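Protein chains in written order, with the numbering used here: chain U, 1 to 109; chain W, 110 to 428. Note that the Cβ used here is the ideal one computed from N, Cα and C, for glycine as well. For clarity, every value in this text was computed on a predicted model and none was experimentally measured. Notes follow once the structure below has been shown.
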């Protein structure tokens, strides 16, 4: 992908993924990587930041004899996600219409 | 390198972090290896990059909470289509919307600032108010921590210190965007995600560079080499074509005369008449061929060349 991704966009992506259901690090990475090219080393700092800002919480669940750390979205995370979503719509429309000359045709991230 | 070696090395590079942060980070990647499975071990190691660089990205994030530290990896192995380089514009820059009508800009900017401020508030994260050219106090703090690593109490104490420090910086949100982007810029040299990726703030709108490139090309290549050639072509080819046209005209005139002479000769000498008629027809054939060649050159080829040249320049400069 030629377009750089900002920290805010990564936050929004992770919050969106976690808001669907509680999930764990590896799966979040894979889900985001389905949508775009992202280094595996990118996610941890993002999760860390979201945990620190109390947008996410984490808990451990046992899975096949080891602990798996699940992440859950908080009230604050939901509020933040809402902000990101409205910002995203605004941003996306502006960029789409600038880039392709016609909005909605291609939602390139 | 095996997974165990990788994690051990990562851990050793995280020594400047408080113990719990360090454990958390290593644990995260341990779990990551577990999830990926042993068969993907090497793949994950390759993807994560050098432990040192990974550690740097973690430390950058946990001690400074500098958002611009997060980059997406741009894989050098996938060559990008040439044309796409032209669209590298720093969309994220605050000034990206500057070209819009004033009312829209005003509409967007405060909103963005508002969201940024909100995000900052929710962060409750330390954000150093210092410019990144100065060493951040947090780094020293963590560095000091490393030497007294075993003392958990001290750890806690220093942590609360840290919190206090940060609350002082709470109000400093106005320059936030600038700070992000500046940091992104300055950090580019030690970008943990590989040399091939340049963070967005480094990107200049390329069209200016393109224009300069083509101006230089014009001065150093097109003027000394291509232009003389073109002038010669422009002068010589029309002259040659004009000559061809003249020859064609002469041929046709000759043909007409020869044919008329042939018709007259029919009454005196049949063989002479046939010869003249044949010569006349031949001259007419050559004449018409040359005429059509000359016409095709002036009315088809020349406009086509002109269009190509102007189109070439327009494409280079308008992108």
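If you run the structure through DSSP and keep just helix, strand and coil, what is residue 17 of chain U? helix
Comparing C-alpha positions only, which one of W/144, W/150, W/169 sits nearest to residue 175 of chain U? Because chain U spans 1 through 109 in this model, residue 175 of chain U falls outside it and cannot be assessed.
Using only the alpha-carbon positions, how far apart do residue 54 of chain U and residue 82 of chain U sit? 15 Å
Given a cut-off of 8 Å on the beta-carbon distance, is the pair residue 392 of chain W and residue 352 of chain W in contact? no
Is any beta-carbon of chain U found at less than 8 Å from that of residue 135 of chain W? no
Along chain W, in chain order, which residues have C-beta atoms closer than 7 Å to that of residue 61 of chain U? Under the 7 Å cutoff, chain W gives no residues; its nearest Cβ is about 11 Å from residue 61 of chain U.
By the three-class DSSP mapping on this structure, what secondary structure does residue 124 of chain W have? coil
Mind checking the region 136 to 158 of chain W against chain U and listing, in chain order, the residues whose C-beta falls within less than 8 Å of any C-beta there? 136, 137, 138, 140, 141, 143, 144, 145, 153, 156, 157, 158
Is it right to say residue 334 of chain W is buried, meaning 16 or more other beta carbons lie within 10 angstroms of its own, or is it exposed? exposed
Answer with buried or exposed for residue 10 of chain U, where buried requires no fewer than 16 other C-beta atoms within 10 angstroms of its C-beta. buried
Three-state secondary structure (DSSP) at residue 139 of chain W? helix
Which partner residues of residue 71 of chain U appear in the DSSP bridge assignment? U/23, U/58
Ends of the alpha helix (DSSP H) at residue 398 of chain W? 379 to 405
For the alpha helix (DSSP H) containing residue 166 of chain W, name the first residue and the last one. 160 to 168
Have a look at W/386, W/360, W/125, W/424 and flag the residue whose alpha-carbon is nearest the alpha-carbon of residue 165 of chain W. W/125
For residue 121 of chain W, would you say it is in contact with chain U, using Cβ-to-Cβ distances shorter than 8 Å as the test? no
Apart from the five residues on each side of it in sequence, which residues of its chain come closer than 7 Å, Cβ to Cβ, to residue 381 of chain W? 374
List, in chain order, every chain U residue whose beta-carbon is nearer than 8 Å to that of residue 167 of chain W. 44, 45, 48
Sequence-distant residues of its chain with Cβ nearer than 8 Å to residue 123 of chain W (five each side left out): 130, 131, 134, 135, 164, 167, 168
For chain W, check one thing: does any of its Cβ atoms lie closer than 8 Å to the Cβ of residue 40 of chain U? yes
Thinking C-beta only, is residue 84 of chain U closer than 8 Å to residue 35 of chain U? no
Could you confirm whether any beta carbon from chain W is found closer than 8 Å to the beta carbon of residue 25 of chain U? yes
Presumed contact (8 Å Cβ cut-off) between residue 138 of chain W and residue 119 of chain W, rounded CB distance: 7 Å
Beta carbon proximity, residue 66 of chain U to chain W, threshold 8 Å: yes
Residue 371 of chain W to residue 384 of chain W, Cα distance in whole Å? 8 Å
Less than 8 Å between the C-beta atoms of residue 386 of chain W and residue 368 of chain W, yes or no? yes
Quick one: using the 10 Å Cβ neighbour count with 16 as the cut-off for buried, is residue 339 of chain W buried or exposed? exposed
Residue 59 of chain U and residue 72 of chain U closer than 8 Å at C-beta: yes
Please return the same chain residues whose Cβ sits closer than 7 Å to the Cβ of residue 22 of chain U, not counting the five positions on each side in sequence. 70, 71, 72
State the start and end residues of the unbroken alpha helix (DSSP H) segment that holds residue 337 of chain W. 336 to 374
Who are residue 63 of chain U's beta bridge partners in DSSP? U/66
Count the other CB atoms, across all protein chains shown, that sit within 10 Å of the CB of residue 161 of chain W; report buried if there are 16 or more and exposed otherwise. exposed
Taking Cβ positions only, does residue 163 of chain W come closer than 8 Å to chain U? yes
Nearest chain W C-beta to residue 69 of chain U closer than 8 Å, yes or no? yes
If you draw a straight line from the C-alpha of residue 42 of chain U to the C-alpha of residue 424 of chain W, how long is it? 38 Å
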